[in-house]
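This report concerns only the one structure given below.
Residue numbers (the numbering used here): 1 to 471.
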């Protein structure tokens, strides 16, 4: 029996099959999607998450361990300007309040003090975090392998002598390794999408959801990892041991200005002496700016002496402990009063004036700052910055030249207007008085006239006449 013969594919069918294979191959290059016929070695890092080797890949010149990432990490451009280089992420990104975590180049073939690293228990060595300046990736530095940064990149373990080391100055930042399959916030990142990661086999690079480990010439990827983060769970910040450099003070005194006035009037016909109490409240503000920001802490305080900047010669007061607002500000209200005697001539008024001038100064200072975390851990380092002060000084009271009290303007005569309320004034009272006088005169005249007609010499018997009856 003859075996069945399959018709040969024409050119169109061959093109379609080729395209389908290419599409399948592009999807198969994502991590975790291709099958492997290679048994993992459970005794090494290749045993984690099924290390995969590929003999042929769609990415040109790709050789080594691990599946190529979906988004390839770029190579930083050379011969760029400083501004372009900064714009292209060749700077470490971290929260603004962290100034003690820096990328530092190797100098004099010595690993800097405070370099961030781990003790690799799998290899029994001390590895430090590094970043390659020409590549968007993190790696590790080990003295036993020379002063080189080994990092994973596109399937290979590469190394370079052009790199920076992550340094935590005075170990002042509390760094934590957080495990998981997602990158928490905040974090230490580079080139927008790269993070410092590690697993039980060493340090590497977290990129686009996977951890890449440089291992014996190959790049190995994992789906779980620990990522390096900065703890901001700060409870309290305290500044202490503050000293000022008075020799570098910058003091500015502004022209005098009027703070308050009071007026005294004398309406008597003799000179009077008055005592005027002048009182004013001003604000004295102090600020301690530094390279360290404590805006994320729940409370901030300082133990320091306060400079007296109102005096011509600046002096430092006794040490006091103050609570700061906004991490660096402190202010207090100062009330000052003065009694002023004023002699006021009759018919005059006098103005009492309280004046002062504003003064501000800046003084460099240095000291120590201590952070206390909610878990009780304390971290201390040196700090430097600038003190800024503002207050009102030279307060004094004076009396201006007395002036004559202005004569008030004459009052207008009231009048009666139709449809309005009746108003009684001098013009309506005079006719009434005249009428009353006239009436009284008429009455007096009438009485006198009556007396002339009926004189008062009538005898008493005439008042009681007796009627005589006819007999």
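Even glycine gets a Cβ: it sits at the ideal position worked out from N, Cα and C.
Bear in mind the structure is a predicted one, so any value in this text is a computation, not a measurement.
Do you know how far the Cα of residue j is from the Cα of residue i?
i           : j           : result
residue 392 : residue 358 : 4 angstroms
residue 349 : residue 309 : 37 angstroms
residue 300 : residue 233 : 14 angstroms
residue 390 : residue 376 : 36 angstroms
residue 366 : residue 341 : 48 angstroms
residue 339 : residue 275 : 6 angstroms
residue 408 : residue 326 : 56 angstroms
residue 241 : residue 384 : 11 angstroms
residue 252 : residue 363 : 12 angstroms
residue 125 : residue 318 : 52 angstroms
residue 170 : residue 286 : 28 angstroms
residue 217 : residue 145 : 13 angstroms
residue 297 : residue 323 : 12 angstroms
residue 228 : residue 166 : 11 angstroms
So, is residue i buried or exposed, given that buried needs 16 or more other C-beta atoms within 10 angstroms?
i           : result
residue 371 : buried
residue 239 : buried
residue 117 : buried
residue 202 : buried
residue 406 : exposed
residue 374 : exposed
residue 190 : buried
residue 334 : exposed
residue 361 : buried
residue 312 : exposed
Pick out whichever of the options has its Cα sitting closest to the Cα of residue i.
i           : options            : result
residue 127 : 204, 263, 439      : 204
residue 291 : 386, 139, 121      : 386
residue 321 : 191, 441, 305      : 305
residue 114 : 175, 354, 329, 296 : 175
residue 153 : 220, 101, 441      : 220
residue 110 : 324, 125, 164, 242 : 164
residue 209 : 182, 149, 268, 146 : 182
residue 255 : 439, 355, 136, 404 : 355
residue 267 : 134, 148, 347, 316 : 347
residue 231 : 178, 147, 399      : 178
residue 108 : 265, 272, 396, 147 : 147
residue 328 : 303, 288, 313, 298 : 288
residue 104 : 119, 130, 224      : 130
residue 315 : 382, 247, 303, 260 : 247
residue 388 : 199, 249, 169      : 249
residue 280 : 443, 172, 395      : 395
residue 378 : 440, 259, 172, 133 : 172
residue 199 : 123, 438, 324, 159 : 123
residue 162 : 136, 168, 270      : 136
Looking at the secondary structure, which residues open and close the beta strand (DSSP E) in which residue i lies?
i           : result
residue 194 : 194-199
residue 352 : 348-373
residue 296 : Looking at the DSSP string, residue 296 is not in any beta strand (DSSP E), and its letter there is neither H nor E.
residue 105 : 101-105
residue 224 : Per DSSP, residue 224 belongs to no beta strand (DSSP E) and is neither H nor E.
residue 334 : 329-344
residue 202 : 202-207
residue 258 : 257-265
residue 178 : 175-180
residue 251 : 250-253
residue 131 : 125-132
residue 213 : 210-215
residue 149 : 149-153
What distance in whole Å lies between the Cβ atoms of residue j and residue i, which are believed to be in contact at a cut-off of 8 angstroms?
i           : j           : result
residue 215 : residue 157 : 6 angstroms
residue 397 : residue 352 : 6 angstroms
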